[in-house]
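K.L.:
In this note's numbering, the protein residues as written are 14 to 927.
(1) When you compare the CB positions of residue 814 and residue 799, do they come within less than 7 Å of one another, or not?
(2) CA-CA distance, residue 412 and residue 374?
(3) Can you tell me whether residue 726 is helix, strand or coil according to DSSP?
(4) Suppose the cutoff is 8 Å on Cβ atoms and the five residues either side in sequence are ignored; what does the same chain contact list for residue 811 look like?
(5) Is residue 501 near residue 575, with beta carbons less than 7 Å apart?
(6) Whole alpha helix (DSSP H) runs in the region 820-905 with 4 or more residues, listed along the chain?
(7) When you compare each of 660, 873, 188 and 281 to residue 245 by their alpha carbons, which one comes out closest?
(8) Residue 418 by DSSP, collapsed to three states: which one?
(9) Grab me the residues of residue 512's own chain with a C-beta within less than 6 Å of its C-beta, minus the 5 sequence neighbours each way, in chain order.
(10) At 3 residues or longer, and completely inside the region 653-700: list those beta strand (DSSP E) runs for me, N to C.
(11) What does the Cβ neighbour count give for residue 5, buried or exposed, with the cut at 16 atoms within 10 Å?
(12) Where DSSP assigns a beta bridge to residue 767, which residues make up the other side?
(13) Work out the CA separation of residue 469 and residue 122 for me, nearest whole Å.
(14) For residue 747, which residues from the same chain have a beta carbon less than 6 Å from its beta carbon, with the 5 sequence-adjacent residues on both sides left out?
(15) Assign residue 433 to one of two classes, buried (16 or more other C-beta atoms within 10 Å of its C-beta) or exposed (fewer than that).
(16) What do you get for residue 809, buried or exposed, if any count of 16 or more other CB atoms within 10 angstroms of its CB means buried?
(17) What residue does the alpha helix (DSSP H) around residue 261 start on, and which one ends it?
(18) Check residue 37 in the structure and name its three-state DSSP category.
(19) In this structure, how does DSSP classify residue 183 when only helix, strand and coil are distinguished?
(20) Run the CB neighbour count on residue 42, radius 10 Å, all protein chains shown included, and call it buried at 16 or more, exposed below.
(21) Look at the alpha carbon of residue 571 and the alpha carbon of residue 661, and state the distance between them as a whole number of angstroms.
(22) Give a yes or no on whether the C-beta atoms belonging to residue 875 and residue 907 are separated by under 7 Å.
(23) Give the single residue among 830, 793, 827 and 698 whose Cα lies nearest to the Cα of residue 785.
(24) From the DSSP output, which residues share a beta bridge with residue 924?
(25) Taking 7 Å as the threshold (C-beta atoms), are residue 257 and residue 221 in contact?
(26) Within 10 angstroms of the Cβ of residue 965, are there 16 or more other Cβ atoms? Answer buried if so, exposed if not.
(27) Hey, is the region 638-645 in contact with the region 588-608, meaning 3+ C-beta pairs nearer than 8 Å?
(28) Alpha carbon to alpha carbon, how far is residue 899 from residue 925? Give it in angstroms, no decimals.
(29) In angstroms, rounded to a whole number, what distance separates the CA positions of residue 98 and residue 71?
(30) Inspect the beta-carbon positions of residue 655 and residue 578 and report whether they are closer than 7 Å.
(31) From the DSSP output, in three-state form, read off residue 587 for me.
(32) Between residue 878 and the rest of its own chain, which residues show a CB-CB distance below 8 Å, the 5 nearest in sequence each way excluded?
(33) In this structure, does DSSP put residue 772 in helix, strand or coil?
(34) May I have the straight-line CA-CA distance separating residue 367 from residue 763, to the nearest angstrom?
(35) Does residue 598 pass the burial test, meaning 16 or more other C-beta atoms within 10 Å, or should it be called exposed?
(36) Considering only the alpha carbon of each residue, which of 852, 771, 733 and 861 lies closest to residue 113?
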């Protein structure tokens, strides 16, 4: 028999009111290989069928995207329920025949891991990185201006795909008495709860607008300290509210990136209006200096980071009008972005807009530190002159960059997102650990590096660049935080990249994402993770990897040879991005290069120590190591034609990964965005029809200018595999041509999504990165009947009922049934049935003896594809007690365990032995 038992907390009639959301103990437990794991179920009515997971406790609303996966395959992004515990995914996104090894993942973390899985904290080797020398200029020092502050609120705006309008509210902090036009820094917060009940400790919701008795959570006020620092230095700042987006961003496929971009550009358009017509501005804007819209910095936290990245993209390369919430002219220029603990679900950074990405070493929300792709994902895509910096902040969590998400500072309930259990403290990230920052230390350090980005990108002060570009300098204002940086772009040249054209000897070219541990850069069983290898939409990627070095004795050189010699001419140093396992030290390499004439020079020796890390941190992060090129020049190498790079281990044994190596020179070059083609994938929804075959095509819009290359992954809805294609795209072309063949039938089935995912490779940008053709089932769901099989037995016999449909279908049919109290006579008790059966189906035990309907028997039965029915059996036991006939009642129910109206309730009777 194929069935799943739901151990619903239905203790007789009083329990019916609680049946709608049964506790975790009342969810699925498998009775055979076709069952689902604990915590999961399939339910739904009238064809709207869903895969459901319910957490044992509320999952805090954060920025990481909750995903359902089967093994290493992404099934889809579920819709959260208001209880904060239940997540639902429509079965057109997850074929029920493939639901094995189910997992709930958020930024690489398992949310559904068994409660008895042991943590593996290990304090051995955890130490703070050495303190770097101070930089000549410290951007964390307040400036000379006093500040003026206030807020404005405008009529809400409607954004495509959202039913509820989104607020236009913001906090303004500006320099007082500053003359002339001043650069503008705009802040956008991330995804957080939207409303709270004053006086409560944990009563928060994701409603919008807020219900009676609740107040909006003022996430936009969380950056006031950052704003005051910038305003004191002469910048106009505005922090905008996005609660209306947060309440609805589970609906769009991009998790709200386009909506956030639209909201940002709506505010920028108002500031452009106010710069031209000061009298029309709100009072606080009139008190501020005129904003210089030709110098704009966008600062985004978490999903706000992905939002401002999309806003920068949309300002240069317009999105499809039908999906955009701003359609006016672009009257501003984004000079750079700051991305704080950001998401980047699309892995689609804007290569020609400079960026600084803050990566919190103790991020408990976006814990895979996927924002690293704002650096790695830009390589080779654009002109290469925009600086893209990653700032790794040891001991920082996700929330404390926003004071309104910080306990003790926030108006609403707030928490430490890392959340290590007190009885199992994390050696790196638990409060009180030597490596963990306090909230005040973290916020001050974050403000300092935001100010560094403003000074470099808006004021053009190259003296702060060493704080951001891997030069190993520190800002004393950020003390005691230990901050490490690396970068790509700027005045870097050449580029030893681990792509498909490179040859590697005495090392391994590994894949960032691959299901085969022998191919992947990091084995999935490795404690901890790497931000460089954060997973995307597919379980296998092409052209994204690293060089994996492993040695047991010093002296054997690993050689990296690109497909063609590259030029380091004009560079002063060779900059390598290398990481080693966390908490290790003393790893040393000699670095050598060889030119096309086979002249070889050893440039110098580098040493690297691992970052502080545990099994819950993403500490496999590359540090920038530099060696001068003077030895190559002395040896007469032709630096215009360097054909290979060698790393020779000098430590006795070890492991390291090379991300890339570049020629480096000081300075910040001017940045001009290239005219590029933009790719946006749409979605077409069609009916399958009753007969015949029709061919549809995945809708893809290619706009912009020029030509470029993207990699298209065609996702197989049945096997979960992704077929990669390298495609050259030009505006207006149909270069991405993915046909979908739809066969009509009259057999009931689930909706099916035929999707593609797209990523930029060279000379292109990608907006909406995933879409496809959804084929909707248009056949009626079969009528399910419950009929008696053997409904009258002598004790010791087996009662049987049959759940059936008229004809077989192509998908699993799930239907719950429930044992109800009898209306007359004596009811079977928990001691009248086989005790093992009772435990398997209800998780209950016979004692104390009670009516069977009190034993939480709410059961989901499965009719598998190709079958017309399944039996539900109840084995009874014989005893030596003389007793009257006993009975039980069984009914079909809805998803809330309520008997279906108009359907018969069947009775089974057990006779006493003669």
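Glycine residues also receive a C-beta, built at the ideal position from the N, C-alpha and C atoms. A quick note: this is a predicted structure, and the numbers were derived from the prediction, not measured.
P.N.:
Inspection of the coordinates gives the following:
(1) Taking the first residue of the chain shown as 1, we reach residue 814 at position 801. Taking the first residue of the chain shown as 1, we reach residue 799 at position 786. A contact, by the Cβ cut-off of 7 Å.
(2) In the chain shown, the residue the question calls residue 412 occupies position 399. In the chain shown, the residue the question calls residue 374 occupies position 361. Rounded to the nearest angstrom, the two C-alpha atoms are 12 Å apart.
(3) Here residue 726 is taken as the residue at index 713 of the chain shown, counted from 1. Strand at residue 726.
(4) The residue labelled residue 811 in the question sits at position 798 within the chain shown. Closer than 8 Å at the Cβ level, and outside the excluded window around residue 811, lie 803, 886, 887, 888 and 889.
(5) Sequence index remark: in the chain shown, residue 501 carries index 488 (1-based). Sequence index remark: in the chain shown, residue 575 carries index 562 (1-based). No, these two residues do not count as a Cβ contact at 7 Å.
(6) 848-855
(7) On the chain shown, position 232 is the one that residue 245 refers to. That would be 188, whose Cα lies nearest to the Cα of residue 245.
(8) Indexing the chain shown from 1 puts residue 418 at position 405. Reduced to three states, the DSSP call for residue 418 is helix.
(9) Stepping through the chain shown from its first residue, residue 512 is reached at position 499. Here the set comprises 556.
(10) 655-662, 667-677, 690-694 and 696-700
(11) Residue 5 is absent from the structure shown; the chain starts at 14 and stops at 927.
(12) One-based indexing of the chain shown puts residue 767 at position 754. Bridge partners of residue 767: 786.
(13) For the purposes of this step, residue 122 is identified with residue 109 of the chain shown, where counting begins at 1. For the purposes of this step, residue 469 is identified with residue 456 of the chain shown, where counting begins at 1. Straight-line Cα distance between these residues: approximately 35 Å.
(14) Numbered from 1 along the chain shown, position 734 holds the residue referred to as residue 747. So no residue of the chain qualifies.
(15) As a working mapping, residue 433 is identified with position 420 in the chain shown. The residue is buried, with at least 16 neighbouring Cβ atoms inside 10 Å.
(16) One-based indexing of the chain shown puts residue 809 at position 796. Label assigned to residue 809: exposed.
(17) In the chain shown, residue 261 corresponds to position 248, counting from 1. It is not in any alpha helix (DSSP H) - residue 261 carries neither H nor E in the DSSP assignment.
(18) Residue numbering aside, residue 37 sits at position 24 when the chain shown is read from its first letter. Because the pLDDT at residue 37 is just 26, under 50, the model does not fix this residue reliably, and the value given afterwards should be weighed accordingly. Looking at residue 37 - three-state DSSP - the assignment turns out to be helix.
(19) The residue given as residue 183 occupies position 170 in the chain shown. Three-state DSSP puts residue 183 in a strand.
(20) Position 29 of the chain shown holds residue 42. In this predicted model, residue 42 has a pLDDT of only 30, less than 50, meaning its place in the structure is not dependable; the value taken from the coordinates is given anyway. Its Cβ being crowded by 16 or more others within 10 Å, residue 42 is buried.
(21) As a position in the chain shown, residue 571 is number 558, starting the count at 1. As a position in the chain shown, residue 661 is number 648, starting the count at 1. Roughly 6 Å separates the two Cα atoms.
(22) Stepping through the chain shown from its first residue, residue 875 is reached at position 862. Stepping through the chain shown from its first residue, residue 907 is reached at position 894. No. Outside cutoff.
(23) Translated into the one-based positions of the chain shown, residue 785 becomes position 772. Among 830, 793, 827 and 698, the Cα nearest to that of residue 785 is on 698.
(24) The sequence position of residue 924 within the chain shown is 911, counting from 1. Answer by DSSP bridge pairing, in chain order: 807.
(25) Numbered from 1 along the chain shown, position 208 holds the residue referred to as residue 221. Numbered from 1 along the chain shown, position 244 holds the residue referred to as residue 257. It is a contact, given that the beta carbons lie within the stated cut-off.
(26) The structure shown does not extend to residue 965, since the chain is modelled only from 14 through 927, so no value can be given for it.
(27) yes
(28) Here residue 925 is taken as the residue at index 912 of the chain shown, counted from 1. Here residue 899 is taken as the residue at index 886 of the chain shown, counted from 1. Using only the alpha carbons, I get a separation of about 8 Å.
(29) Sequence index remark: in the chain shown, residue 98 carries index 85 (1-based). Sequence index remark: in the chain shown, residue 71 carries index 58 (1-based). When only Cα atoms are considered, residue 98 and residue 71 end up about 5 Å apart.
(30) As a working note, residue 655 is residue 642 in the chain shown. As a working note, residue 578 is residue 565 in the chain shown. In this structure, residue 578 lies closer than 7 Å to residue 655 by Cβ.
(31) Counting from 1 along the chain shown, the entry for residue 587 is found at position 574. The answer is strand: DSSP assigns residue 587 an E or B state.
(32) Here residue 878 refers to the residue found at position 865 of the chain shown. The residues are 110, 821, 822, 823, 824 and 825.
(33) In the chain shown, residue 772 corresponds to position 759, counting from 1. Note: residue 772 maps to strand in three-state DSSP.
(34) The sequence position of residue 367 within the chain shown is 354, counting from 1. The sequence position of residue 763 within the chain shown is 750, counting from 1. In this structure, the CA atom of residue 367 is about 45 Å from the CA atom of residue 763.
(35) Walking along the chain shown from the start, residue 598 turns up at place 585. Exposed, by the Cβ-count rule.
(36) On the chain shown, residue 113 is found 100 positions in, with the first residue counted as 1. The option with the nearest alpha carbon to residue 113 is 733.
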